[in-house]
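Below is one structure; the comments refer to it alone.
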Amino acid sequence: MEKVKLLEVKNLKVYYNSIWGDYKSVDDVSFIAYEGEVLSIAGESGCGKSTLVDGILGLIKPPGYIPSGEVIFEGKDLLKLSSEELRKIRWTKIAYVPQGAMNSLNPVIKIEEQMIDSILDHTNISREEARKLAISRLKEVGLPVEVAEMYPHELSGGMKQRVIIATAIALKPKLVIADEPTTALDVVAQKGILQLLRSLKEDYGITVIVVSHDFAVHAQIADRIAIMYAGKIVEVGPIYDVFKNPLHPYTKGLISSIPVIGKSYIKGIPGLAPSPLNWPSGCRFHPRCPFASEKCRNVEPILKEFNSERYVACHLSR
Amino acid sequence: MKRRSLVTWLLTRIGWYILTLWSAVTVAFITFRLVPGNPIGAYVTQLMQQGKYEINPVEAEKLINEYKKTFGLEGDLLTQYICYFKEVIFHHNLGVSFISFPTPVQVLIIRALPWTIALLSETTVFSWLLGNIIGIIVGWKRGTKVDSVVTSLALVFSQIPYYIVAVVLILLFVYITGTLPPRGAYSSTLYPEFSLTFFLDVAYHAVLPSLSLILVGLCGWLISMRSLAVSILGEDYLLFAQAKGLKEHRILSRYLFRNALLPQITGLAIALGSIVNGAYLVEYVFNYPGMGYLFVTALGRLDYNTIQGCVMLTIFTVLTAILLIDITYPLLDPRIRYGGE
Amino acid sequence: MNNLARFNLAKQVKLYITKGIQDVLRLNSKLKIGMLILLVISALAILEPVINQAILGPISPITPGIFKPLLKPSREHLLGTDLLGRDLLALSLHGLKYSFLIGIVAGFLSSFIGIVIGFISGYKGGIYDSILRTITDFMIIIPTWPILAILATYIKFMRIEGLAMILAIFTWPLSARIIRGQVLSLKERPYVDLAKVTNLSDFEIIFLELMPNILPYIGVGIGNSVIGAVLAETGLEVIGLGPGNIVTLGTLLNWALGFGAVIMGNWNILIAPVLFLISIFLSFNLVNVGLDEIYNPRLKKVTGE
Ligand SMILES: Nc1ncnc2c1ncn2[C@@H]1O[C@H](COP(=O)(O)OP(=O)(O)OP(=O)(O)O)[C@@H](O)[C@H]1O
Ligand code: SF4
Ligand SMILES: [Mg+2]
């Protein structure tokens, strides 16, 4: 099958300026999302996943800034667009399910009104049609119609997450980026949300990028996975291959720390995550890597092709 | 179930109101009586010094007792307390004024109140509206030149007491127009009536006092609106509204302004509730015959009952305003429901 | 905690302090301007005796009849003289000294009361908190200035300390509220739990763990209290209710108003008291806002607390 590039991120850097220096939260990240796939971005808390997403979507606010990089979507660099051009692409082409879904709905406006707002600002349809569209989207994500008339505080976490997804697919965008869509939900709600996200791809052909620190999430929905560590992507590949045969020592550690039912022993990765203020020299994983050598301490490994589908950034692999 | 908890909540809230009101007026009452010095004695001495009456010490003693009776200062503290509030509650009688003897205090208050209400409701509403609109704009444009200039200016002005602005305004007026600015609430040649001439005269007299109140008030509202706006700009739902690619005016009006306005409405209600306070010093500077002027002159001449009446009224209206806000706020903000959770 | 971590922590703290100081000096112009004005005012207030010695010799600036009344500003009298023939510059400096002194003493006293009450309320919680918070809210809700004014009416002669004390009694609740809020939020932070587990006494927790974090808010509290005290005192003086034996900027305004300086356009009588008062309010407020900007929660987030 011919793969069509939908989104290409090239050497993106996102820093936060502070009086202590720059937080290099995203530091030279490149990856591609193809049309009609579910791409996962995995990594520990604080490795820069949300910052990466915000950078792609042009949502970085001071003190954050983008020193360099490109975000190419359908041939255009999003970072170079005017704010009005960017505004038009948002939601019609790229929708976003933010990490703080709990707090992403305006507490004092009814659900349907919030959905209608986003429809009206991108189309020429009437208010009444917009309302109908909003309600049908709510049904599509499995919510009762009454939700339309409710306020956010009257909904459970899972329901709010569904409302956000319904809002995201209101205009059938090409790409949906979901940041930690299941965190803070109970197991049953998690499962429902994941099925729903998967169905976006299957039913509508929407490309989905799912960001999560939770490997169980990726295992359930992803086609391909990118592993992030300390502001960089350290490994990319089809999910099955990566799970079966992880190449990067960090990925190995992560996979062995997935809880497996029946085994009480969970091996974690020893050591603490480093700070974006002061990344370790050489390979950023070396202080925690069991295979670290002198070279690892001094020379930074780059993301190299392992085979036609897999990439890894580690001196051990060649 | 829901209904019942609403009733319970209302009753508790009103009970709390009565309790606070009672303790506040009691504290105020006791403060008055415990204050060192004897107001009647001071009053009689004052009369004697003014040479209005020739009084020998024995007569003075008699006079003092006479006055004590008239002004409700007879008996021990508890008797006075019960007596005072019996009069206030059942006869709406705040006692007799010393300086405008024998006019009762409530009459003085009713005379002063319209002026104060007219001046302060107009200036409060104006400064609230302007302050909020400018505040939200500079909050939205935070970090820009406009923001830093406007905000710094507002910071300066919000810290200057009203009456100092009033003094400066009068000085400027004298220099620019070469005439004296108006004093009082209307020209002494006119008589209060419902006519255009009178109305225009009143408006003319209100210009400078209003300006000094609005200038400072506006800046205060501006600063608080700006900081509300800035904190809401950091909220997830605002980021989401932007990610949705909403048009700027919609984000501004429906997501930012609407949410920031809610706390400001509370502020406005409290400000309106404190109106009866009057603007003591501005009214004093402009000889404006409102509550503030009444209070300050009463203080200056130790008019015990008037002072007390003004304070009681202020406590009552402020606490009532707060009660009313608490009761109506849940109607404005769907997050807050009656009866807590 | 191993030695390495301890070492890093020390390094981090040092970094934090030096960067913090650099930031104060370099980035925050509000704080800088506020400090500058404050410095000038304090210098004028402290040097008042020296300056007035130079202007007037050994005579007190409030003695009437030293010069001709109502002189226009000139080389000898930079601001002219008032109705009673007193040098206005000397008089204003004298007023500034006392306004400033009363503001500072009352402000510190008031924030001391506020801090103690805020700490007990926030840290102890429970019944202490309920009672203290009720009192605090009560004091904030009810209009206290009139009551203060009444007290002042009956106390005609007072020493500075007494006046400051009375002002403090009426202005402490705001700083109590600020400090309580901060203590409450800090109490939830992990290091306080850690300190509790390691059996530090309340005293140690308060002074080693909480105090350093609350310091900026204490600064803000003091600033607010000083502003509040000067505001209340000036208000009293302007309507002629201040203690008759203390001459402050408010007293000068009262004299000027009584004489009709405003209406007659005698700007030279008013300018110094007005400017001095504005400078006092402005400087403390700028320092407050500056501190707030530096320590505001959004910036704190960067440290990943
Ligand atoms: N507004 C900000 N200002 C300064 N630093 C920030 C800001 N937001 C994030 N950071 C820093 O950037 C780093 C990456 O944060 P980010 O939220 O992208 O991580 P994440 O991988 O999404 O983590 P999580 O799983 O907790 O969501 C963090 O270490 C954080 O300290
Ligand atoms: S480069 Fe070296 S330190 Fe980094 S992951 Fe590979 S082996 Fe470990
Ligand atoms: Mg995140």
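Residue numbers (my numbering), protein chains in the order written: chain A, 1 to 318; chain B, 1001 to 1341; chain C, 2001 to 2305.
Even glycine gets a Cβ: it sits at the ideal position worked out from N, Cα and C.
Which chain A residues sit within Cβ distance under 9 Å of residue i?
{"i": "B:PHE1257", "result": "What B:PHE1257 touches in chain A: nothing, since even the nearest Cβ is about 11 Å away."}
{"i": "B:ARG1250", "result": "ASP117, LEU120 and ASP121"}
For residue i, decide whether its Cβ has a neighbour in chain A, counting only Cβ atoms nearer than 9 Å.
{"i": "B:ASP1333", "result": "yes"}
{"i": "B:ARG1254", "result": "yes"}
{"i": "B:ASP1236", "result": "yes"}
{"i": "B:GLY1143", "result": "yes"}
{"i": "B:LEU1213", "result": "no"}
{"i": "B:LEU1006", "result": "no"}
{"i": "B:VAL1262", "result": "What sits at residue 1262 of chain B in the sequence shown is Leu, not Val. B:LEU1262 counts as touching chain A."}
Counting only beta-carbon atoms, is residue i nearer than 9 Å to chain B?
{"i": "C:TRP2267", "result": "yes"}
{"i": "C:MET2264", "result": "yes"}
{"i": "A:TYR16", "result": "no"}
{"i": "A:TYR65", "result": "no"}
{"i": "C:THR2153", "result": "yes"}
{"i": "A:MET102", "result": "yes"}
{"i": "C:LYS2032", "result": "no"}
{"i": "A:LYS160", "result": "no"}
{"i": "C:VAL2040", "result": "no"}
{"i": "C:ILE2178", "result": "no"}
{"i": "A:PRO181", "result": "no"}
{"i": "C:LEU2096", "result": "no"}
{"i": "C:PHE2281", "result": "yes"}
Measure how close the beta-carbons of residue i and residue j come, nearest whole angstrom, since I'm counting them as under 8 Å.
{"i": "B:ILE1170", "j": "C:ILE2278", "result": "The Cβ separation is near 16 Å, so there is no contact."}
{"i": "A:ILE169", "j": "A:LEU200", "result": "6 Å"}
{"i": "A:VAL26", "j": "A:THR51", "result": "5 Å"}
{"i": "B:VAL1105", "j": "B:SER1097", "result": "5 Å"}
{"i": "C:SER2225", "j": "C:THR2171", "result": "5 Å"}
{"i": "B:GLN1159", "j": "C:PHE2112", "result": "No, B:GLN1159 and C:PHE2112 are not in contact; Cβ-Cβ is about 23 Å, not under 8 Å."}
Quick check: residue i and residue j, are their CB atoms within less than 9 Å of each other?
{"i": "C:GLY2118", "j": "C:VAL2220", "result": "no"}
{"i": "B:ALA1243", "j": "B:TYR1255", "result": "no"}
{"i": "A:CYS289", "j": "A:GLU300", "result": "no"}
{"i": "B:TYR1280", "j": "B:PHE1257", "result": "no"}
{"i": "C:SER2110", "j": "C:SER2175", "result": "yes"}
{"i": "B:LEU1319", "j": "B:VAL1276", "result": "no"}
{"i": "A:LEU185", "j": "A:GLN161", "result": "yes"}
{"i": "B:LEU1299", "j": "C:ALA2149", "result": "yes"}
{"i": "C:ASN2052", "j": "C:PRO2061", "result": "yes"}
{"i": "A:THR207", "j": "A:LEU79", "result": "no"}
{"i": "B:ILE1307", "j": "C:PRO2146", "result": "yes"}
Interface residues of chain B around residue i at Cβ under 9 Å?
{"i": "A:ILE193", "result": "Those do not exist, as A:ILE193 stays about 17 Å from chain B at its closest Cβ, beyond 9 Å."}
{"i": "C:LEU2277", "result": "ILE1160, PRO1161 and ILE1164"}
{"i": "C:GLY2235", "result": "PRO1161, TYR1163, TYR1280 and LEU1281"}
{"i": "C:PHE2100", "result": "Near C:PHE2100 there are no residues of chain B at all, since even the closest Cβ is about 16 Å away, more than 9 Å."}
{"i": "C:ASN2285", "result": "LEU1155, VAL1156, SER1158 and GLN1159"}
{"i": "A:ASN106", "result": "GLU1235, TYR1237, LEU1238, PHE1240, ALA1241, ARG1254, TYR1255, ARG1258 and ASN1259"}
Anything in chain C within Cβ reach of residue i, meaning under 9 Å, just list it in chain order.
{"i": "B:PRO1209", "result": "Within 9 Å Cβ-Cβ: nothing; B:PRO1209 doesn't reach chain C, min ~13 Å."}
{"i": "B:GLY1300", "result": "THR2153, ILE2239, GLY2240 and LEU2241"}
Below 8 Å on C-beta distance, what does residue i contact in chain B?
{"i": "A:LEU59", "result": "LEU1239, GLN1242 and ALA1243"}
{"i": "A:LYS88", "result": "GLY1245"}
{"i": "A:PRO98", "result": "ASP1236, LEU1239, PHE1240 and ALA1243"}
{"i": "C:VAL2289", "result": "LEU1155"}
{"i": "A:VAL153", "result": "The amino acid occupying residue 153 of chain A in the given sequence is His; Val does not appear at that position. The contacting residues are PRO1334 and ARG1335."}
Whose Cβ in chain C lies nearer than 8 Å to the Cβ of residue i?
{"i": "B:THR1314", "result": "PRO2143 and PRO2146"}
Hey, is residue i's beta-carbon within less than 9 Å of any beta-carbon in chain C?
{"i": "B:VAL1296", "result": "yes"}
{"i": "B:ALA1028", "result": "yes"}
{"i": "B:SER1121", "result": "no"}
{"i": "B:TYR1175", "result": "yes"}
Quick one: list the residues of chain B neighbouring residue i, beta-carbon separation under 7 Å, in chain order.
{"i": "A:TRP91", "result": "LYS1244 and GLY1245"}
{"i": "C:ALA2149", "result": "LEU1299"}
**OP:** Please write down, chain order preserved, every residue whose beta carbon lies under 5 Å from a heavy atom of ligand 2.
**Re:** A:PRO249, A:CYS283, A:PHE285, A:HIS286, A:CYS289, A:PHE291, A:ALA292, A:CYS296, A:PRO301, A:CYS314, A:HIS315 and A:LEU316
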